[in-house]
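J.: Okay, so the sequence shown: first residue is -7 according to this note's numbering, each after it adds one.
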Amino acid sequence: MSDFQAPKGVPDYLPPDSAQFVGVRDGLLDSARRAGYGDIELPIFEDTALFARGVGESTDVVSKEMYTFADRGDRSVTLRPEGTAGVMRAVIEHGLDRGPLPVKLCYAGPFFRYERPQAGRYRQLQQVGVEAIGVDDPALDAEVIAIADAGFRSLGLDGFRLEITSLGDDTCRPQYRELLQDFLFKLDLDEDTRRRAEINPLRVLDDKRPKVREMTADAPVMLDHLSDAAKQHFDTVLAHLDALGVPYVINPRMVRGLDYYTKTTFEFVHDGLGAQSGIGGGGRYDGLMQQLGGKDLSGIGFGLGVDRTMLALKAEGKSVGGTARVDVFAVPLGEQAKITLAVLAARLRAAGVRVDLAYGDRGIKGAMRAADRSGASLALVAGDRDIEAGTIGVKNLATGDQVDVAADGLLAEVLSRLNRA
Ligand code: HAM
-7 MSDFQAPKGV PDYLPPDSAQ FVGVRDGLLD SARRAGYGDI ELPIFEDTAL FARGVGESTD
53 VVSKEMYTFA DRGDRSVTLR PEGTAGVMRA VIEHGLDRGP LPVKLCYAGP FFRYERPQAG
113 RYRQLQQVGV EAIGVDDPAL DAEVIAIADA GFRSLGLDGF RLEITSLGDD TCRPQYRELL
173 QDFLFKLDLD EDTRRRAEIN PLRVLDDKRP KVREMTADAP VMLDHLSDAA KQHFDTVLAH
233 LDALGVPYVI NPRMVRGLDY YTKTTFEFVH DGLGAQSGIG GGGRYDGLMQ QLGGKDLSGI
293 GFGLGVDRTM LALKAEGKSV GGTARVDVFA VPLGEQAKIT LAVLAARLRA AGVRVDLAYG
353 DRGIKGAMRA ADRSGASLAL VAGDRDIEAG TIGVKNLATG DQVDVAADGL LAEVLSRLNR
413 A
């Protein structure tokens, strides 16, 4: 065993799997960028209070899972467990809310939750997210959801479903909360669960224990108690999704792990993943900005799990992009050939071709094995005598055919062989 291992519950992505990671992340981000979302890069750690206030003290994320520590200046800082609170902090701090609305932002990066590690549940997880701030239009809810759906599909994924519900707004949620509490307080609940029912009754509906599930099977659900405005909002979101051809199932018992959600709330679920089946989730968070000291602007967004999307692709037997590391592998056999091929490699790279070279004078056999392993479709092979004669051997690695090409025509020859001319 080596002296050091990665921290518990944290994945390393190495070649060639890392190409899957990059392909998934970029594919999901692309979907957002094509809809006009601008990249935002934020700190990995923030003031602890931002998450406590933004995500909610009663959530598992804040109460049990945060990586919180005092820095050397004795400030309490936390590795970000999610992205929305930080985005809101930055939007308020830099006055983006005073510019044109909606503010549309996207991001990708690591998040940290001290959860019990298991398949698909990591302590450093990667997300791609978007936030659309400042316009409460159900059409925007539908856009955000459609971007996630299109992002997953662009990767070739199709074994997932979108679950959606509405968590109401401040005109109907307080009454529903009371209704739910009345129902829960009549049940024979243990001490802990009772306390949870007092602080955040919705969370009791998320209890996985069969006994509690049974007792709460007939609990009232928010969807049956929406205000007229919230219901109209939800119906319009669904009408837009229908028109966009985004399939969904309504799940009135959905409970999200973060407290800021209002109105439209959704999750993307993949059945090939076992217990950790959520490949993405999001929703509206209309009170969040004000709660963080900003204006009373609405917002909607999502976070998609890159790690879990990779697992979902694997479960479907699919992969994104090729596994080839390079297009061309150069094999110099001699000192002069090393220089000439290195220069040609630099020119090809400048023209957008991915090129690697054999190093270390291992002889032609070892070098050709390295060429095959690289996934390249072409090898460039030359000894010092070829260089003197001004020719380079171009070998098709799939068929084994090799022809000599004049060195000054090599760039054009390679580009045309790779269909890049
Ligand atoms: P979330 O549902 O907590 O939402 O996380 C989003 C996604 O991140 C999940 O669906 C899952 O795929 C992935 N994820 C979460 N925890 C883990 C973990 N421990 N290991 C692997 N993957 C994980 C949010 O974070 C919200 N900020 C999303 C949002 C943005 N809502 C509005 N705007």
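For every residue, glycine included, the Cβ atom is placed at its ideal position computed from N, Cα and C.
Is T163 helix, strand or coil when you go by DSSP?
T.: coil
J.: Count the other C-beta atoms from every protein chain shown that fall within 10 angstroms of the C-beta of H225, then say buried if there are 16 or more, exposed otherwise.
T.: Buried is the call here.
J.: Just checking, does the segment 276 to 294 make contact with the segment 76 to 90 on the three C-beta pairs under 8 Å criterion?
T.: The segment 276 to 294 makes contact with the segment 76 to 90: 3 or more CB pairs, one atom from each, lie closer than 8 Å.
J.: Can you find at least 3 beta carbon pairs, one from the segment 47 to 67 and one from the segment 101 to 119, that sit closer than 8 Å?
T.: yes
J.: Quick check: the Cα distance between R165 and R195, rounded to an integer number of angstroms?
T.: So the two alpha carbons sit approximately 14 Å from each other.
J.: Nearest CA to the CA of D31: which residue from L21, Y277 and T40?
T.: L21
J.: When you compare only the Cα positions, how much space is there between D216 and R245?
T.: 11 Å
J.: Within 8 Å of any Cβ in chain C, is that where the Cβ of G249 sits?
T.: Judged by its chain identifiers, the structure shown contains no chain C, having just a single protein chain.
J.: Using DSSP with H/G/I as helix, E/B as strand and the rest coil, what is A343?
T.: coil
J.: Quick check: is any heavy atom of the ligand HAM less than 7 Å from the C-beta of I271?
T.: yes
J.: Using the rule of at least 16 other Cβ atoms within 10 Å of the residue's Cβ for burial, across every protein chain shown, is D415 buried or exposed?
T.: With the chain covering only -7 through 413, there is no way to say anything about residue 415.
J.: Could you please give the first and the last residue of the uninterrupted beta strand (DSSP E) stretch that includes V47?
T.: That residue, V47, is in no beta strand (DSSP E); its alpha helix (DSSP H) goes T40 to V47.
J.: Restricting to runs no shorter than 3 residues, where is the beta strand (DSSP E) found entirely within the segment 91 to 175?
T.: Entirely contained in the segment 91 to 175, the beta strand (DSSP E) runs reaching 3 residues are, in chain order, 95 to 104, 116 to 125 and 152 to 158.
J.: Which value, in whole angstroms, describes the spacing of the CA atoms of Y114 and P3?
T.: 7 Å
J.: For A222, tell me which candidate among K178, R276, V318 and G382 has the shortest Cα-Cα distance.
T.: R276
J.: Counting only the same chain and skipping the five closest in sequence on each side, list residues whose C-beta sits under 8 Å from that of D191.
T.: It is Ile, not Asp, that sits at residue 191 in the sequence shown. Taken in chain order, the residues that qualify are S50.
J.: Select from V312, F37 and A124 the residue whose C-alpha is nearest the C-alpha of F294.
T.: A124
J.: Between which residues of its own chain and R188 is the CB-CB distance below 7 Å, once the five residues before and five after are set aside?
T.: R195 and V196
J.: Beta strand (DSSP E) containing D4: first to last residue?
T.: That residue, D4, is in no beta strand (DSSP E); it is neither H nor E in DSSP.
J.: State the CB to CB distance for the pair P94 and H232, rounded to an integer number of angstroms; the pair is presumed to be in contact (CB under 8 Å).
T.: With 8 Å as the limit, P94 and H232 do not qualify as a contact, their Cβ atoms being about 16 Å apart.
J.: What residue ranges within the segment 254 to 329 form continuous alpha helix (DSSP H) runs of no fewer than 4 residues, ordered along the chain?
T.: 280 to 283 and 298 to 307
J.: Roughly how many angstroms separate the alpha carbons of D184 and S146, rounded to a whole number?
T.: Near 44 Å, if we compare the C-alpha coordinates of S146 and D184.
J.: Return the chain-ordered list of same chain residues with a C-beta closer than 8 Å to the C-beta of V120, the five sequence neighbours on each side being excluded.
T.: R17, L20, L21, A24, C98, Y99, A100, G143, G295, L296 and V298
J.: Can you tell me whether F61 is buried or exposed, with buried defined as 16 or more other CB within 10 angstroms of its CB?
T.: exposed
J.: DSSP three-state call for I36: helix, strand or coil?
T.: DSSP places I36 outside both helix and strand once states are collapsed to three, so it counts as coil.
J.: Would you kindly work out how many angstroms separate the C-alpha atoms of R72 and V79, rounded to a whole number?
T.: For R72 and V79, the distance between alpha carbons rounds to 11 Å.
J.: Would a C-beta distance cut-off of 8 Å place G272 and G15 closer than the cut-off?
T.: For G272 and G15, no; Cβs fall outside 8 Å.
J.: Return the Cβ separation of L149 and T301 in integer angstroms, given the expectation that the two are a contact with Cβ distance under 8 Å.
T.: Indeed, because the Cβ distance is near 7 Å, the residues count as touching under 8 Å.
J.: Quick check: is any heavy atom of the ligand HAM less than 7 Å from the C-beta of L305?
T.: Taking 7 Å as the cut-off, the C-beta of L305 does not count as close to any heavy atom of the ligand HAM.
J.: Just to check, is the beta-carbon of E443 closer than 7 Å to a non-hydrogen atom of the ligand HAM?
T.: Beyond the ends of the chain as shown, which are -7 and 413, falls residue 443; an answer cannot be given.
J.: Less than 8 Å between the beta carbons of G358 and L325, yes or no?
T.: no
J.: Is any heavy atom in the ligand HAM found nearer than 7 Å to the beta carbon of G264?
T.: no
J.: Taking V204 as part of the alpha helix (DSSP H), name the residues at either end of that continuous run.
T.: P202 to M207
J.: In whole angstroms, what separates the C-alpha of V204 from that of R90?
T.: 47 Å
J.: I need the DSSP call for F(-4), collapsed to helix, strand or coil.
T.: It is coil, neither helix nor strand.
J.: Using the C-alpha atoms, what's the distance from G237 back to G126?
T.: 26 Å
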